[in-house]
Amino acid sequence: MWPRELRLAPTMRAALIRAHGEPDVVEIAEVDEPLVGPDSVLIEVAASSVNPVDWKIVAGNLQGAIPHHLPIIPGWDVAGTVQAVGPAVTAVAVGDRVAAYDREDHVQHGTYAELTSVPERTVAKVPDGVSFEQAGALPLAGLTAAQALDAAGVIDGDTVLVHAAAGGVGSMVVQLAAHGGARVIGTASPTNHDYLRDLGAEPVTYGDGLVDAVRKLAPDGVDVVVDLIGGDALAATPKLLADGGRSVSIIDAATVRELGGAYVFVRGRGGQLGELLTLVADGTLRVEIAETFPLDRTADALRASKGGHVRGKVVITV
Ligand SMILES: NC(=O)c1ccc[n+]([C@@H]2O[C@H](COP(=O)([O-])OP(=O)(O)OC[C@H]3O[C@@H](n4cnc5c(N)ncnc54)[C@H](OP(=O)(O)O)[C@@H]3O)[C@@H](O)[C@H]2O)c1
Numbered sequence: 050m051w052p053r054e055l056r057l058a059p060t061m062r063a064a065l066i067r068a069h070g071e072p073d074v075v076e077i078a079e080v081d082e083p084l085v086g087p088d089s090v091l092i093e094v095a096a097s098s099v100n101p102v103d104w105k106i107v108a109g110n111l112q113g114a115i116p117h118h119l120p121i122i123p124g125w126d127v128a129g130t131v132q133a134v135g136p137a138v139t140a141v142a143v144g145d146r147v148a149a150y151d152r153e154d155h156v157q158h159g160t161y162a163e164l165t166s167v168p169e170r171t172v173a174k175v176p177d178g179v180s181f182e183q184a185g186a187l188p189l190a191g192l193t194a195a196q197a198l199d200a201a202g203v204i205d206g207d208t209v210l211v212h213a214a215a216g217g218v219g220s221m222v223v224q225l226a227a228h229g230g231a232r233v234i235g236t237a238s239p240t241n242h243d244y245l246r247d248l249g250a251e252p253v254t255y256g257d258g259l260v261d262a263v264r265k266l267a268p269d270g271v272d273v274v275v276d277l278i279g280g281d282a283l284a285a286t287p288k289l290l291a292d293g294g295r296s297v298s299i300i301d302a303a304t305v306r307e308l309g310g311a312y313v314f315v316r317g318r319g320g321q322l323g324e325l326l327t328l329v330a331d332g333t334l335r336v337e338i339a340e341t342f343p344l345d346r347t348a349d350a351l352r353a354s355k356g357g358h359v360r361g362k363v364v365i366t367v
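Quick note on the numbering used here: the sequence shown kicks off at 50 and runs consecutively.
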């Protein structure tokens, strides 16, 4: 068991929870270094980022959906340098700059640590010119955006409505859809409207009046609804879609399926992450970083995300 009082194995610093609760339960502890399996990549972590799933795991909200094993190191995004590889690994080598989205099937060994061990299939090389902060902020949000657009079959010329367009996933959905030739309408509070315009979307304010505001911009309805918030926004889908329109949600599987749409739960795919990193390197995809915290302040980073109004991403550096 770890963390140990008497340790023989090499140790590292990590953010750790021994019980679920508010972000205050996060401590910085000395724990055993991760093991490197036959197809694992051991990464010396330079940066990670906060996704809402991280504070939900800390709170214990997902215990019914994914097996949890306390104590838990939170964090699923990583960028850093390869320190060791298992004997079956061929795609990367010691010293490479890499990034990964590593959701474990059993939640225990995350990325808010000095070292993390991830499966080779999740890893992509980070191109020159892309910082570890950008690369560490990209994986979960970028892959979710790409996989949601794929699930909805978004094509050149579609009009796409994105609910919660200014957040980590939304910022990526807007840019990828616009890059693919779609016209994008995004919901955000008025303080984020200029930001959405910069990303390539026509902004509308969420809440009361949303349906009328969208209909004003797209009188015949939109071709695709991308739901990143659920609730009333998702429920309004039938009033917003054009005939034959498609919808996708990353929040509410049951409701979106009742509405004839698709649910996406993001998968770690190194090849797809590599394509996204290339788009960052060539300036197509902007990774907006709202705030950066050192590992010691992981609890503050989680609180910042939990507030629900981050523009882009909160980054943690190690
Ligand atoms: N199924 C999956 O695989 C998957 C993957 C990734 C994320 N998720 C989930 O998807 C959700 C979004 O993730 P995220 O990383 O994008 O979160 P995030 O970065 O924390 O989202 C923050 C954004 O949400 C916006 N927002 C808050 N309330 C809103 C509302 N009522 N209507 C529209 N926008 C609103 C805020 O805009 P303003 O500041 O302008 O209000 C802010 O920009 C989370 O619940 C997350 O757990 C699921």
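Just so it is clear, CB atoms sit at the ideal spot from N, CA and C, and this is done for glycine as well. Because the structure is a prediction, the values reported are computed rather than measured.
Looking only at DSSP bridge pairs, what is residue i linked to?
{"i": "tyrosine 150", "result": "Asp126"}
{"i": "aspartate 81", "result": "Thr60"}
{"i": "glutamate 182", "result": "Answer by DSSP bridge pairing: none, since glutamate 182 is not bridged."}
{"i": "glutamate 76", "result": "Leu65"}
{"i": "proline 168", "result": "Ser89"}
{"i": "isoleucine 365", "result": "Ser97 and Phe342"}
{"i": "valine 271", "result": "Leu290"}
{"i": "isoleucine 106", "result": "None; isoleucine 106 has no bridge partner."}
{"i": "serine 296", "result": "Val274"}
Pick from the options: whose alpha carbon is nearest that of residue i?
{"i": "leucine 290", "options": "Thr208, Thr341 and Glu251", "result": "Thr208"}
{"i": "glutamate 169", "options": "Phe314, Gly191 and Asp145", "result": "Asp145"}
{"i": "isoleucine 92", "options": "Val80, Val147, Pro59 and Ile121", "result": "Val147"}
{"i": "leucine 225", "options": "Leu248, Ser296 and Thr236", "result": "Leu248"}
{"i": "alanine 173", "options": "Gly206, Phe314 and Val138", "result": "Val138"}
{"i": "isoleucine 121", "options": "Asp81, Ala95 and Val141", "result": "Asp81"}
{"i": "leucine 259", "options": "Pro59, Ile234 and Pro83", "result": "Ile234"}
{"i": "methionine 221", "options": "Glu324, Ser238, Val131 and Gly191", "result": "Gly191"}
{"i": "aspartate 199", "options": "Val85, Leu308 and Ile299", "result": "Ile299"}
{"i": "lysine 288", "options": "Thr240, Ala63, Gly270 and Pro123", "result": "Gly270"}
{"i": "alanine 293", "options": "His155, Ala201 and Glu163", "result": "Reading off the sequence shown, one finds glycine at residue 293, where the question assumed alanine. Checking every option, the nearest Cα to that of glycine 293 belongs to Ala201."}
{"i": "threonine 193", "options": "Glu79, Ile115, Ile77 and Asp151", "result": "Asp151"}
{"i": "glutamate 71", "options": "Thr347, Thr160 and His228", "result": "Thr347"}
{"i": "histidine 228", "options": "Leu326, Arg264 and Asp205", "result": "Asp205"}
{"i": "valine 143", "options": "Gln132, Phe342 and Gly361", "result": "Gln132"}
{"i": "proline 239", "options": "Ser296, Trp125 and Ala214", "result": "Ala214"}
{"i": "valine 305", "options": "Arg316, Leu283, Gly317 and Gly323", "result": "Leu283"}
{"i": "leucine 245", "options": "Arg264, Val218 and Ala149", "result": "Val218"}
{"i": "proline 136", "options": "Asp272, Gly86 and Leu334", "result": "Gly86"}
Whole-angstrom Cβ separation of residue i and residue j, contact assumed at under 8 Å?
{"i": "glycine 230", "j": "phenylalanine 181", "result": "Not really, about 31 Å apart at Cβ, beyond 8 Å."}
{"i": "methionine 61", "j": "glutamate 163", "result": "4 Å"}
{"i": "valine 134", "j": "valine 90", "result": "5 Å"}
{"i": "alanine 197", "j": "glutamine 321", "result": "Contact doesn't hold; Cβ gap of about 12 Å is too wide."}
{"i": "valine 99", "j": "leucine 351", "result": "6 Å"}
{"i": "valine 94", "j": "valine 367", "result": "4 Å"}
{"i": "valine 167", "j": "alanine 149", "result": "5 Å"}
{"i": "glycine 178", "j": "proline 123", "result": "Actually they do not touch by this definition, with Cβ atoms about 29 Å apart."}
Could you tell me if the beta carbon of residue i falls within a distance shorter than 7 Å of some heavy atom in ligand 3?
{"i": "serine 354", "result": "Looking for ligand 3 in the displayed structure turns up nothing; the ligands present are ligand 1."}
Taking only runs of the beta strand (DSSP E) that begin and end inside the region 181 to 255, which ones reach a length of at least 3 residues, in chain order? 208 to 212, 232 to 236 and 250 to 253
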